[in-house]
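Trainee: Once you know that position 83 of the sequence shown is 119 in the working numbering, the rest is easy, because the numbers rise by one and skip nothing.
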Amino acid sequence: MQNAGIAALGLNWRYLAFDVAPEQLQPAIEGARTMGFIGLNLTVPHKILAVPMMDEVDAAARKWGAVNTIVFEARGVDGEWRPVGQTEPGARAAVRAHGYNTDADAIIQALREEFPLKELRGAKVLLLGAGGAASAAALRLAEEGIATLWIVNRTKSKARELKDAVLRTFPGFDAREGFPDTAVDLVINGTSLGLKAEDPMPLDAAWLERNRPGRVFDMIYRPRETALLKAARSVGCQTANGMGMLLHQGARALELWTEKRAPVAAMRAALEANIYV
Ligand code: ATR
């Protein structure tokens, strides 16, 4: 996806994957900075660990407590910090690591694109899970002005903590723990249940059958159709998987590194061609 985007922009860059142990994250970031890398994407568990390692943390990354995109920035002669990718190698006196989070906006963008639910404002949403991904979604949905958010999680104390965190950030917002007592517009799976074929569903089929939510979104994108999505589709719900989230968090990261509009169509085509092979 990123290499297709880079090629479409005509850049002589490469996007590579590295396995880094959590205890080696700091030297890995330092090494990338020293070697003139343009930036990094981070995945679990590095997103949270990286926050205190940044020289600068943008508002969203600070709010969600997680960094998924690092932009290395060089200070120019005018004193302004610019993405390293936009500067000449000889003009990089100081380089800093600027942490961003493009995940939370990506879920909103994906939901808008997948469902005719153009206006999330006023929607009733059931969120499954209270981990990193679910927390970012909860806070971002509250910010978006949905009407009510119900949070259900295996470990109930974590659902309560997430509800409290949402209420601290958005006082007066209607966040609740447990299952809704009314029809919901949207169910989001933010748990890891569904990644493995033998996983039970994060929501039982009888609940889906009884409640028939309008839309069901699974953050999981592999497999293409989780058991949850299949069951939801069979009772007439609109469904979508997490591929749109993956696409949009990556497209936004590329925009931060290049300061150009991301070639989303090329990135989507590459993702669709490669993700299920
Ligand atoms: P991520 O960063 O991908 O969100 P995470 O923070 O580890 O990962 O969160 C995983 C989520 O999936 C949590 O909500 C977790 O529930 P717990 O808080 O009870 O651990 C949920 N989850 C993982 N395995 C589960 C299982 N077997 N049954 C129910 N929920 C599960």
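Virtual Cβ for every residue (Gly too), placed ideally from N, Cα, C.
1) Check whether the Cβ of residue 263 sits closer than 8 Å to any heavy atom of the ligand ATR, and report yes or no.
2) For a minimum of 4 consecutive residues, which ranges assigned as the alpha helix (DSSP H) are wholly contained in the stretch 136–206?
3) Evaluate residue 270 with the Cβ neighbour count: other Cβ atoms within 10 Å of its Cβ, from every protein chain shown; 16 or more gives buried, anything less gives exposed.
4) If we count the other Cβ atoms within 10 Å of its Cβ and call it buried at 16 or more, is residue 285 buried or exposed?
5) Among 239, 65, 116, which has the Cα closest to the Cα of residue 188?
6) At a cut-off of 8 Å, would you count residue 270 as near the ligand ATR, judging by its Cβ distance to the nearest heavy atom?
7) Which of helix, strand or coil does DSSP assign to residue 110?
8) Determine the burial state of residue 230: buried for a count of at least 16 other Cβ atoms within 10 Å of its Cβ, exposed for fewer.
9) On the criterion of 16 or more Cβ atoms from any shown chain inside 10 Å, does residue 249 qualify as buried, or is it exposed?
10) Whole-angstrom Cβ separation of residue 302 and residue 46, contact assumed at under 8 Å?
11) Flag this pair as yes or no: are the beta carbons of residue 224 and residue 254 separated by less than 9 Å?
12) With distances taken Cα to Cα, identify the nearest neighbour of residue 102 among 119, 113, 80.
13) Going by DSSP, what residues sit across from residue 251 in a beta bridge?
14) Could you check where the alpha helix (DSSP H) with residue 310 kicks off and where it finishes?
15) How would you label residue 195, buried or exposed, when you count the other beta carbons within 10 angstroms and need 16 or more for buried?
16) Say the cut is 8 Å; is the CB of residue 199 nearer than that to a heavy atom of the ligand ATR?
17) Would the beta-carbon of residue 229 be found less than 8 Å away from any heavy atom of the ligand ATR?
18) By how many angstroms is the C-alpha of residue 83 removed from the C-alpha of residue 127?
19) Closest to residue 292 by C-alpha separation, out of 175, 136, 221, would be which residue?
20) Can you tell me the Cα-Cα spacing of residue 193 and residue 207, whole angstroms?
21) Is residue 68 near the ligand ATR, with its Cβ less than 8 Å from a heavy atom?
22) What residue from 145, 76, 43, 197 has the CA that sits closest to residue 55's CA?
23) Is residue 235 near the ligand ATR, going by C-beta to nearest heavy atom under 8 Å?
24) Do you know offhand how far residue 87's Cα is from residue 97's?
25) So if DSSP puts residue 105 in a beta bridge, which residue, or which two residues, is it bridged to?
26) With burial defined as no fewer than 16 other Cβ atoms inside 10 Å of the residue's Cβ, what is the status of residue 202: buried or exposed?
27) Measure the C-alpha to C-alpha separation of residue 252 and residue 44 and round it to an integer number of angstroms.
28) So, using beta-carbon positions, are residue 132 and residue 91 closer together than 9 Å?
Mentor: Short version:
1) no
2) 139–150, 168–180, 192–205
3) exposed
4) buried
5) 239
6) no
7) strand
8) buried
9) buried
10) Not a contact, Cβ separation roughly 11 Å.
11) yes
12) 80
13) 222, 274
14) 300–310
15) buried
16) no
17) yes
18) 30 Å
19) 136
20) 20 Å
21) no
22) 76
23) yes
24) 8 Å
25) 77, 136
26) buried
27) 33 Å
28) yes
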